[in-house]
Structure formats: C-alpha cells, structure tokens
Amino acid sequence: ISTPMTECATPGITPTRTDIVVTMDGRTVSFGNNQPLTERGNVFVPLTPIMNEAQIGYYFNPQRQTVRLDNGELYMKIGQAYALLDGERQNLEAPAMIRDGNVLVPLRFLALATGMRSLWDARTRTVSMTTSAVVQRQH
Numbered sequence: 002i003s004t005p006m007t008e009c010a011t012p013g014i015t016p017t018r019t020d021i022v023v024t025m026d027g028r029t030v031s032f033g034n035n036q037p038l039t040e041r042g043n044v045f046v047p048l049t050p051i052m053n054e055a056q057i058g059y060y061f062n063p064q065r066q067t068v069r070l071d072n073g074e075l076y077m078k079i080g081q082a083y084a085l086l087d088g089e090r091q092n093l094e095a096p097a098m099i100r101d102g103n104v105l106v107p108l109r110f111l112a113l114a115t116g117m118r119s120l121w122d123a124r125t126r127t128v129s130m131t132t133s134a135v136v137q138r139q140h
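This is the structure we're talking about:
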C-alpha cells in the first residue's frame with residue numbers, strides 16, 4: 002500500500018523551473034520531467050537523481066515525510082525549517098518539499114550534509130557539484 006505524497010508549497014510564491022543545469026564531476030545530471038527549481042533565491046534539486054549520481058544511499062519515509070542518509074548523518078522532515086546533521090540541529094534556508102510526487106531539497110544544505118561541493122552560477126543558471134569531498138565525510 003502506498004501513501005500518496007502531498008505537495009508542500011509556499012503560499013503566494015510561484016517557483017521558477019526554467020533551465021537550471023546541474024553537473025556532477027563534469028557530467029550533466031538528468032532529471033527527466035523533474036527539473037530543479039528556484040524559490041525565494043534558493044535552488045532546489047530533486048533528491049533521487051542527485052543521490053544516485055553521487056552514489057549516496059538514502060531513505061525517504063512517505064508516511065513520516067522524512068529523509069535520512071544511510072550513514073545516519075542527516076535526518077530531514079519535509080516542510081520543516083531545520084534538519085539534524087550529525088545529531089545537531091541545523092536551520093535551513095528553506096525546507097525540503099514535495100512537488101509532483103518528488104522530494105526536492107535545498108542545494109546548499111544537501112551539499113553541506115553530504116560533503117559535496119557546489120557552485121551556483123546565476124548568469125548561466127548552472128550548478129556545478131563535485132563529489133571528491135564525499136569520501137572524506139563518510140569515513
């Protein structure tokens with residue numbers, strides 16, 4: 002039995018979904034119909050394609066609306082203004098959300114939580130991510 006996911010949205014805010022490109026270690030990440038978006042100056046990325054590309058395991062609990070990394074270092078609840086990173090509360094610039102049945106997370110926090118480096122080029126609307134730091138973080 003699957004539980005339908007609900008959409009979390011900020012009332013009165015229309016997200017921008019146009020042409021954000023994400024590269025990881027120089028390769029373009031494919032998002033299919035689930036494109037990254039910006040909302041209130043924050044870049045949100047669909048969790049599954051990023052984690053798959055980085056080969057980082059995670060679990061999404063649809064009943065509790067929570068995400069955790071397999072290594073246990075990150076625990077995040079959809080719509081909540083903070084997450085637990087290494088057991089410590091970290092305020093988020095924007096909470097994770099569900100759109101069209103997919104979990105989207107704020108890019109800056111995802112990079113911090115996983116140890117990935119990310120650079121946002123607003124002019125080209127490109128996010129460049131590198132996973133070289135991930136191995137060091139998951140020791």
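This note's numbering puts the first residue of the sequence shown at 2, with every later residue one more than the last.
C-beta atoms are modelled at their ideal positions from N, C-alpha and C, and glycine is treated no differently.
Since the model is a prediction, treat every value here as computed from it, not as a measurement.
Does the distance from the CB of residue i to the CB of residue j come in under 8 Å?
i: PRO50; j: LEU105; result: no
i: THR131; j: ASP26; result: yes
Is residue i buried or exposed, if buried means 16 or more other CB atoms sit within 10 Å of its CB?
i: ASN62; result: exposed
i: LEU108; result: buried
i: GLU89; result: exposed
i: SER31; result: exposed
i: GLY119; result: According to the sequence provided, residue 119 is Ser. The question's Gly does not apply to it. By the 10 Å Cβ count, SER119 comes out buried.
i: ASN35; result: buried
i: GLN64; result: exposed
i: ALA123; result: exposed
i: ARG100; result: buried
Specify the secondary structure class of residue i as computed by DSSP and reduced to three states.
i: ARG109; result: helix
i: THR39; result: strand
i: ILE21; result: coil
i: LEU48; result: helix
i: ASN72; result: coil
i: THR132; result: coil
i: ASN92; result: strand
i: THR115; result: helix
Just to confirm my understanding: we take residue i, look at its own chain, exclude 5 residues before and 5 after, and list those with CB closer than 7 Å. What are they?
i: ALA95; result: GLU40, ARG41, ASN43, PRO107
i: LEU93; result: ALA82, TYR83, ALA84, PRO107, PHE110
i: ASP157; result: Any question about residue 157 goes unanswered here, given that the chain covers just 2 to 140.
If you drop the 5 nearest sequence neighbours on each side, which residues of the same chain put their C-beta closer than 6 Å to that of residue i?
i: LEU24; result: In the sequence on display, residue 24 carries Thr and not Leu. So the list reads SER129, once near-sequence residues are dropped.
i: MET77; result: VAL68, ALA84, ALA97
i: ASN103; result: ASN35, PRO47
i: ALA112; result: SER119
i: THR4; result: Caution is warranted here: a pLDDT of 31 is assigned to THR4, below 50, making its placement in the model unreliable, and the coordinate value is therefore given only provisionally. Same-chain partners within the cutoff: PRO63, GLN64.
i: TYR60; result: ARG69
i: MET52; result: TYR59
Does at least one heavy atom of the ligand ZN sit under 7 Å from the Cβ of residue i?
i: LEU105; result: Although the ligand ZN was asked about, the structure shown includes no ligands whatsoever.
Using a C-beta cutoff of 8 Å, does residue i count as contacting chain C?
i: ARG118; result: No chain C is present in this structure, which holds just one protein chain.
Please list, in chain order, all residues of the same chain as residue i whose beta carbon is under 8 Å from its beta carbon, the five residues on each side excluded.
i: GLU54; result: MET25, ARG28, VAL30
i: ILE79; result: CYS9, GLN66, THR67, VAL68, PRO96, ALA97, MET98, ILE99, VAL104
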